[in-house]
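Numbered by our numbering, the letters in the sequence shown go through residues 83 to 285 in order. Note that the Cβ used here is the ideal one computed from N, Cα and C, for glycine as well. The structure appears below as structure tokens.
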Amino acid sequence: MKRFFLLTIVFFVFFTSKSQDLLLKNSPFHFVDATFKMSVEKELSDNKSVNLSGAIHLVEDGWNDDLARGIACELQIRKYVMGFKSSESSLSGVYIAPFGNLSYYRMSETYYNWYYEYDEFGNYINWREETKVDASSKIIQAGILMGTQYIFSNVILLDLYLGGGIQYSIEKGNRNPVNHGGSGFRFYTGVIPKIGFNVGVKL
83 MKRFFLLTIV
93 FFVFFTSKSQ
103 DLLLKNSPFH
113 FVDATFKMSV
123 EKELSDNKSV
133 NLSGAIHLVE
143 DGWNDDLARG
153 IACELQIRKY
163 VMGFKSSESS
173 LSGVYIAPFG
183 NLSYYRMSET
193 YYNWYYEYDE
203 FGNYINWREE
213 TKVDASSKII
223 QAGILMGTQY
233 IFSNVILLDL
243 YLGGGIQYSI
253 EKGNRNPVNH
263 GGSGFRFYTG
273 VIPKIGFNVG
283 VKL
């Protein structure tokens, strides 16, 4: 909860500061992963901007006692290397951007392994063993992106990007590497791809 309030304050200060262009964006791409991600991009000077993103991940499954929570913050420094003449904004065009990302993720779940055998009389016997998992990960990412952003009618925007970088994960707990579903990526250390898109508005 403290992390959420801190992230809210940072966004508020960033959002209310004066700037020539200010863009508010959402990433529909992350809804597939049960993550809500918002971004604010602020123009620093002609063809340069800073893009600050915050994300909250939440999954609760009452049937299996599964719970997954996470929070992330990302900073990009964007340089627009080619603009679109049809757009009035200097934040409309092709850009390159180094990025850094800090995130925290925690999961807990209960899963069952079923076993069976035949006894000496040929009778079929089966039973199950319950395992409770509680694991967390602190994640650091750094890399570079290339993307294109277009602002339609000086109001609606579409932001597409791709790139990659390095991820380092500090893992704690008793995670089961076989039964972690899509969360395994959050415990990974190594080279990562980065691709996505945002939609939003110019304020």
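Annotation for Ser168: no residue places its beta carbon closer than 7 Å to its own, counting only its chain and skipping 5 residues before and after. Between Leu239 and Leu104, the C-beta gap is not smaller than 8 Å, which leaves the two residues out of contact. Here Asp241 is buried: its Cβ has 16 or more other Cβ atoms, across all protein chains shown, within 10 Å. The continuous beta strand (DSSP E) containing Val132 extends over residues 130 to 143. Going by C-alpha positions, Ala224 is about 35 Å away from Thr213. With respect to the C-alpha of Met164, the residue from Val273, Lys284, Gly229 having the closest C-alpha is Gly229. Between the beta-carbon of Ser135 and that of Leu173 there is about 15 Å, and that puts the pair past the 8 Å contact cut. The region 114 to 130 makes no contact with the region 185 to 194, as fewer than three CB pairs between them are under 8 Å.
Here Glu211 has Asn195 as same chain residues with Cβ atoms under 6 Å from its own Cβ, once five neighbours each way along the sequence are excluded. Here the alpha carbons of Ser218 and Glu253 stand approximately 6 Å from one another. Cα atoms of Ile159 and His139: separation of roughly 24 Å, rounded to the nearest angstrom.
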